[in-house]
Structures are given as C-alpha cells and as structure tokens.
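**Student:** Oh and the sequence shown: position 204 is 1067 in this note's numbering, straight run, nothing missing. Where a beta carbon is used, it is the ideal one built from N, C-alpha and C, also for glycine.
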Amino acid sequence: MKKIFLITFIAAFALSSCNKDSLGVSTVTTYPTIELKGDVAQTILVGGTFTESGVVAKEGTTDITSSVKISGAVNAAVAGVYTITYTAVNRDGFTISARRYIGVITPAAAALDISGDYKRNAGAGGIATIVKYKSYAGLYVNNNPGGIAIITGTNEVFIYMFQTDVTKVSAPAQESSVGEFACTGGSYDATVKSYTWVCINSGYGNAPRTFIKQ
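1. Can you find at least 3 beta carbon pairs, one from the region 993-1004 and one from the region 912-920, that sit closer than 8 Å?
2. Leu908 to Val944, Cα distance in whole Å?
3. State whether the region 980-991 contacts the region 953-968, with contact taken as three or more CB pairs (one from each stretch) at a distance under 8 Å.
4. Measure the Cβ-Cβ separation of Tyr949 and Pro1035 and say whether it is below 7 Å.
5. What residue does the beta strand (DSSP E) around Ala904 start on, and which one ends it?
6. Short of 7 Å in beta carbon distance, which residues of its chain neighbour Glu1084, apart from the five on each side in sequence? Order them along the chain.
7. Measuring only the C-alpha atoms, how far is Val952 from Val931?
8. Is it the case that the Cβ atoms of Phe913 and Val937 are separated by a distance below 7 Å?
9. With burial defined as no fewer than 16 other Cβ atoms inside 10 Å of the residue's Cβ, what is the status of Asp976: buried or exposed?
10. On the CB-based measure, 16 or more other CB atoms within 10 Å of its CB, does Gly956 come out buried or exposed?
11. Less than 7 Å between the C-beta atoms of Val1020 and Ser1039, yes or no?
12. Spatial neighbours of Pro1071 within its chain, please: C-beta separation below 6 Å, excluding the five flanking residues on both sides.
13. If you measure between the beta carbons of Ser1050 and Thr1030, is that distance less than 7 Å?
14. Which of the three DSSP states, helix, strand or coil, is assigned to Gly1048?
15. Return the first residue and the last residue of the alpha helix (DSSP H) that Pro970 is part of.
16. Quick one: is the Cβ of Asp976 within less than 6 Å of any heavy atom of the ligand SAH?
17. Judging by CA-CA distance, which residue of Gly1048, Cys1046 and Asn984 is the nearest neighbour of Ile1118?
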C-alpha cells in the first residue's frame, strides 16, 4: 500500500511541474509590418498644405492599418523639418514604427539648387555629393554627411538633407547604414557656397564640420 501511494505521489508531482512550466509560454507570433504610401521625405512651401498619404500595416495577411497610431504634426507656417511617426502593434503587443519627413521651405530657399560636390575643409577632406531628391524644392540626398574619406561605395552614408531657408540646412534623425544619423545646427553660406553642421552619430563626435563646394 505504501509503495502504491509513493508512485502515485511522484506521478502527480511530475504532472504538476510540467503544467506549471508550460503556463504562459507563447512560441509563435507574427510581427507587424508597416509600409508608407507616398515618399518618405517631402517638402511644401511655407503657407502650403501637407496632405497625409497614409500607410498600410499588416499582421501576416491581416490588415491592421486602422489601428496605426500617428504622432507628430506639420506646422506649415514655420520653416523647418517635421517628423511624422507611424506605429503598428500586433495582437501580442509587438510594435513596429516608420517615419516620414516633411520639410517646410521658404520661397527663397526653394529658388536655390545647392546640388554638387562639397569638400570638407578639415580631417580627411572627404567629398560629399549632394543630389536633388525628385522634384521637391529644398530636399536633397547627401552621400557623406560627415565628410569621411570614401574609398568605395560601401563607405557611403546616404541621408535626406533639407534646406529650409537660404541660410539653414539640416538632416532629421533617420536610419542609415551606420545607425541613426542626424545633422543639427546647420548653416549655409550662399556667397561662398558652403555649409556647416554637427553630425549626431556615435562614430562622429560633436565638432562642427564645414564643406565647401568644388
């Protein structure tokens, strides 16, 4: 009788332990995806109107766009760069975010085109090539915001660059090949065709960097 009781106790304890260890365990989740409609970076003139293009969010094949949260706003009356963030969440609470950048540009800045090659006046004297992005006034892509010496194309760091006023340039915080990158405190000198800004990235320090058009 004692032997039967002992076997029953061990079996019950093992079953109880197994159930306890498996409680609350989730092994499969479908991460959400989010895709922006329209361009990631855009510009409008001061006093213009920003039209929201929206996004498409999914959890697997299920559309969850209606649950997307939007944060940030555009003040069309004030020149500057504004970031709109879109966040989607799946049924297990996992989130994903995407950002859109809207530059509000003065007419005077919109009349300029600062495209070209710019050489840094210090350090390795790297060349930054600035290319106009599509047909948006005041919006460019910069392939070397820190002015490092580029050896191959794999060293390039592409970021969106905005000229919001004749004397102001900047790059909002955005993802790049070297992590999140931003350029702040930017100024542009139309007389000598040069710009200066501070790169915000763990590998670039906090010293102002000046570039002169070649």
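**Tutor:** In terms of the structure at hand:
1. no
2. 12 Å
3. no
4. no
5. Ala904 to Leu908
6. Residue 1084 is absent from the structure shown; the chain starts at 864 and stops at 1077.
7. 7 Å
8. yes
9. exposed
10. exposed
11. yes
12. Thr1059 and Val1061
13. yes
14. strand
15. Pro970 to Ala973
16. The ligand SAH is not part of this structure, which contains no ligands at all.
17. The chain is shown from 864 up to 1077; residue 1118 falls before or after that span and cannot be answered.
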